[in-house]
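Counting along the sequence shown from 1, when you hit position 677 you're at 677 in full-length UniProt numbering, and nothing is skipped either side. Below is one structure, written out as structure tokens, with a few remarks after it.
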Amino acid sequence: MPVARRHVLAALLTVLTAGTTGVLAVAAGRQTSAEAGEKELAVTAGPISTTAGSIVQIVAHPDDDLFFMNPDLSRSLAAGTTLTTTYLTSGESDGRNEARGASAKDPAQPADRSHYAEARQNGIRAAYAQMATGDRTSPWRRTVMPTAGGGFAELDVLIARPTLNLVFFQLREARSPAGDNAQSLHGLWDGRIPALGAQLTAGTPVKQQFTYTKEQLTAAIAGILERYGPTTIRMQDPTPGRYEDTGKYTDHQDHMYGARFVQAATARYALRQDRPRFSVQNYLGYHNGTLPHALDPQTAETKTGFLKTYAWLDHEDYCGSPSGCGDRKVAGSPTGRNWAQSLRYARADGTSWLAEGLDGRLWAFAALDGRMAVWERERGRWTGPALLPGTGIDPGATTARYPDGRLAVLATRTVLGDRPQDYRREVVYAVQSAPGGPFGTWQSLGTPEREDEHSTSAISGPSAAVDQDGRLTVYVRDARRTLRARVQEPSGGFTDWQRLGGWDLQSDPVTVVDAAGRRHVYATNTRSVLAWIQPRPGAPVQGPFPTHLPATTVPLTAAPDGEGVRLWFRRPDSGVVRTALVSMGAAKPTVSRVTEVGGRAGYGAVSVAGKLIAGRAESGTVSTTALDGPPAWTQSGMLYAGAPAAVLDPAGVTTTAVLGLDAELHVTTTPPAGTPRPTWHLAVPRLP
1 MPVARRHVLA
11 ALLTVLTAGT
21 TGVLAVAAGR
31 QTSAEAGEKE
41 LAVTAGPIST
51 TAGSIVQIVA
61 HPDDDLFFMN
71 PDLSRSLAAG
81 TTLTTTYLTS
91 GESDGRNEAR
101 GASAKDPAQP
111 ADRSHYAEAR
121 QNGIRAAYAQ
131 MATGDRTSPW
141 RRTVMPTAGG
151 GFAELDVLIA
161 RPTLNLVFFQ
171 LREARSPAGD
181 NAQSLHGLWD
191 GRIPALGAQL
201 TAGTPVKQQF
211 TYTKEQLTAA
221 IAGILERYGP
231 TTIRMQDPTP
241 GRYEDTGKYT
251 DHQDHMYGAR
261 FVQAATARYA
271 LRQDRPRFSV
281 QNYLGYHNGT
291 LPHALDPQTA
301 ETKTGFLKTY
311 AWLDHEDYCG
321 SPSGCGDRKV
331 AGSPTGRNWA
341 QSLRYARADG
351 TSWLAEGLDG
361 RLWAFAALDG
371 RMAVWERERG
381 RWTGPALLPG
391 TGIDPGATTA
401 RYPDGRLAVL
411 ATRTVLGDRP
421 QDYRREVVYA
431 VQSAPGGPFG
441 TWQSLGTPER
451 EDEHSTSAIS
461 GPSAAVDQDG
471 RLTVYVRDAR
481 RTLRARVQEP
491 SGGFTDWQRL
501 GGWDLQSDPV
511 TVVDAAGRRH
521 VYATNTRSVL
531 AWIQPRPGAP
541 VQGPFPTHLP
551 ATTVPLTAAP
561 DGEGVRLWFR
571 RPDSGVVRTA
581 LVSMGAAKPT
591 VSRVTEVGGR
601 AGYGAVSVAG
611 KLIAGRAESG
621 TVSTTALDGP
631 PAWTQSGMLY
641 AGAPAAVLDP
651 AGVTTTAVLG
661 LDAELHVTTT
671 PPAGTPRPTW
681 HLAVPRLP
């Protein structure tokens, strides 16, 4: 049954917000209506936004969540959020619970997959107990749970916090990150085996062996979603790509194919009517190890501390299990292969999903229930979300505006297909029939990739621009990590995917037009930022130009500034927000000196509009700072999914929005004079 939504971390306060010509913010005596200025409309908002909703995380192995979903995981637990993590495999590996490279006093144990898998379970329970209560020995209740797929799972409930559950499917793992093994999630997905068996752990209450067909495993995962009714689903990356030099996956095959099973189960779950709306957050895996560190040292150290608990680093027998109290393989390197120092979202890390029409309306877009959700603000009042027809929409959205004021929304769509070889991702877009009017049906631009097996459909989210003649150009990073584009022709059709070059591109491209009408396209790689710029409006973009900017943590935001374009990004191993101005000279761009906003560190993309910057603080909450104020971030007390987005309207009012973990749109509005503490609230108040 769906879990009731909860509000935590803050007392309820009442705030007022107004329409597109101004803002009335009366909260805790910080501003009077006279100071806010004359307003057309003032609508009563609900209480201040705080963390709400429920989370289900589904990963391939015990420790995937600790390496790749933290600190989001620990922040959610600290906020008291209802949370369930499901592990698809036992992670039995070679069955040797030893710390390779650790002290010689730690002798190698004989191979025993059931005991090693049990040790991993013991370690993950200890790490969760520590994150939730501060005590790694806090006890769990371990029971057997029949699944909707006809098998059995172990259900562990933390007695001190019953809203924290762990579910172990205990399926056999691939036992190799990339090796060919038909007895795996990969083999099951591709139909190379009729069913995949269990690898039961030594201490599990599940005693009966079972197998899952592809259909049964999909049903079992969908059953977990039905049982817990999440508003946020966290999963791994189903399309991580391959290394060009070796052809190997950039992530573990269990991560990739486990995520595809979660996609299929989520699509099935979305068909249910009696459930809450939900969003999906995808997390980057092994590839983090090749990228600049995204977390500040203190956050990384805290994250590593939970991994040390999981790894049973002190070797103290506190759990009383003959299998051991943790995963000694991780003890040899608790940070993994540069994984503990980062957290990155594989999708939905762009900041251009909030857009303004010519009539002053605002539109916000996000993927909910596998469909594109649309909110609209007219004369100060938000309505929505309305769900556009069509399923399979991936997390993330971006927008482009036509000269007549119509908006286009773009995304990628996953086509599961009836056969394994039918799986693919493609770029899609929908356009309003008239300014402010309804959106038309999705139109597909396909994909620059030949086939999924060759590239794992590893394309970025799209970025787009419309020229003065109303023709759309769409940019995407392909699986070879170069920039590609499709350009709309006068006939209305599109060119084939053009090759625009670049190398080692990591981020979604970002597109912006400067004051002279020239289009700029930017993308990060592991060392710097590359630029493609029109020499004049209407001409093809030229590039890639090296900007010689320092390395970034990947998410990039761009906005017009004077005669150029200002870029915003984070400093590696710090998370401090940096900025630089790029201007187009006679033949190549010039780049200003990098400056820093200062204040608190954080991670993920930032949005910038007017004088307000919003982003994820190191606490995980959405936080803001003023460009013309002291270098200090104001934390909101609200965790969220994806990235913030912001718009500056002609009256000088900044509207910033995020998608909460409750799958609701939350907004704050800031007048031209700014406000020391912007207040977040639900865009559309919940019905009583």
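Glycine included, each C-beta is placed from N, C-alpha and C at the ideal position.
Cβ shell of M256 (< 8 Å), same chain only, five flanking positions each side left out: H186, Q236, D237, P238, T239, P240, Y249, T456
Through-space distance from R142 to A119, alpha-carbon basis: 15 Å
Span separating the alpha-carbon of E38 from that of A651: Low confidence applies to E38: its pLDDT is 31, below 50, so where it sits in the model is not reliable, and the reading given next is rough at best. Between E38 and A651, the C-alpha separation is close to 12 Å.
Y228 in three-state terms, based on DSSP: helix
Which listed residue (G437, G446, V409, R424) has its alpha carbon closest to that of A430: V409
Local Cβ density within 10 Å of E154, reported as buried at 16 or more and exposed below that: buried
Outcome for R337 when other beta-carbon atoms lying within 10 angstroms are tallied against a minimum of 16: exposed
Distance, V577 Cα to residue 741 Cα: Residue 741 cannot be examined here, being either before or after the span of the chain that is shown, 1 to 688.
In DSSP terms, what E426 is bridged to: R413
Own chain, CB closer than 8 Å to W189, minus 5 neighbours either side, in chain order: K214, Y257, R260, F261, P420
Burial state of T670, where buried means 16 or more other Cβ atoms lie within 10 Å: buried
Buried versus exposed call for P297 [16 or more other C-beta atoms within 10 Å across all chains shown]: exposed
Cβ shell of G293 (< 6 Å), same chain only, five flanking positions each side left out: According to the sequence provided, residue 293 is His. The question's Gly does not apply to it. So the list reads Q341, S342, P572, D573, once near-sequence residues are dropped.
Which of helix, strand or coil DSSP assigns to H252: coil
Same chain, Cβ closer than 7 Å to L358, five either side skipped, listed in chain order: G405, P435
Nearest-angstrom Cβ-Cβ length linking A231 and F278, presumed shorter than 8 Å: Looking at the sequence itself, residue 231 is Thr, so the reference to Ala does not match. The pair is a contact, with the Cβ atoms about 5 Å apart (cut-off 8 Å).
Same chain, Cβ closer than 7 Å to A331, neighbours up to 5 away in sequence not counted: A99, A102, A311, W312, L313
N- and C-terminal bounds of the beta strand (DSSP E) containing R141: 140-146
CB contact flag (G396, R344, <8 Å): no
Beta-bridge pairing of Y286 - partner residues as DSSP gives them: In the DSSP output, where bridge partners are listed per residue, Y286 has none listed.
Of the listed residues A117, P535, Y318, L225, nearest to D274 (C-alpha basis): L225
Sequence-distant residues of its chain with Cβ nearer than 6 Å to R686 (five each side left out): none
First and last residue of the uninterrupted beta strand (DSSP E) at Y640: 634-648
Segments assigned beta strand (DSSP E), at least 3 residues, entirely inside the segment 50-99: 54-59, 82-89
Nearest candidate by alpha-carbon position, reference D418, set T624, A264, V622, L83: A264
Distance CB(A558)-CB(L549) smaller than 8 Å: no
Sub-8 Å separation of L158 and A132 beta-carbons: yes
Buried or exposed (CB count within 10 angstroms, at least 16 for buried), Y243: exposed
For A222, three-class secondary structure by DSSP: helix
C-beta neighbour in chain B for T441, strict 8 Å: Considering every chain present, this structure includes no chain B. It has just one protein chain.
Cβ contact (3+ pairs, closer than 8 Å) linking the segment 505-516 and the segment 300-311: no
Local Cβ density within 10 Å of H115, reported as buried at 16 or more and exposed below that: buried
Boundaries (first-last residue) of the beta strand (DSSP E) holding F365: 362-368
CB of V428 within 8 Å of CB of W442, strictly: yes
Closest by C-alpha distance to T163, when choosing among T526, G95, T82: T82
Residue span of the alpha helix (DSSP H) that contains E489, given as start and end: Element bounds for E489: n/a, residue is neither H nor E.
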